[in-house]
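Here is the structure we will look at.
Numbering (our numbering), first residue to last: 550 to 685.
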């Protein structure tokens, strides 16, 4: 409140009227103060402390150490794709060799089947000749 020396009751009354707050004004101020207190509590609750900032800084440092740079990733990717291409080439070579072996085996099996038919035909012919010789 303003500092003033009061000399009469009417001066005191005028002074109080100028400088004092009505009940209505006071209740409005109380509401505003209450709202401000809630805001301050909310800010205090959500505000980061020095410890929070220190912990976050440590986490960020750790993340930066563990992140892979684009250059490192590209080198890794190139080496993996090179190895992958080599493996695919080996698989293709293996499949071609298998196919060649399989086609060779198929030819041998066909020849064996033909020979088996010829042998069966010859066996039948020999039996017929033996039977013919016995009856003659």
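Ideal placement from N, C-alpha and C gives every residue a C-beta, glycine not left out.
Because the structure is a prediction, the values reported are computed rather than measured.
{"Check": "Span of the alpha helix (DSSP H) around residue 570", "Outcome": "No alpha helix (DSSP H) contains residue 570, which DSSP labels as neither H nor E."}
{"Check": "For residue 667, the three-state DSSP class (helix, strand or coil)", "Outcome": "helix"}
{"Check": "Three-state secondary structure (DSSP) of residue 612", "Outcome": "helix"}
{"Check": "Length of the line joining the Cα atoms of residue 602 and residue 621", "Outcome": "30 Å"}
{"Check": "Backbone CA spacing between residue 618 and residue 634 [nearest angstrom]", "Outcome": "24 Å"}
{"Check": "Runs of alpha helix (DSSP H) lying entirely within the stretch 579 to 656, each at least 4 residues, in chain order", "Outcome": "599 to 615"}
{"Check": "Whole-angstrom distance between residue 676 and residue 683, CA atom to CA atom", "Outcome": "11 Å"}
{"Check": "Outcome for residue 550 when other beta-carbon atoms lying within 10 angstroms are tallied against a minimum of 16", "Outcome": "Annotation note: pLDDT 47 at residue 550 (below 50); position unreliable, coordinate value reported separately. Flag for residue 550 reads exposed."}
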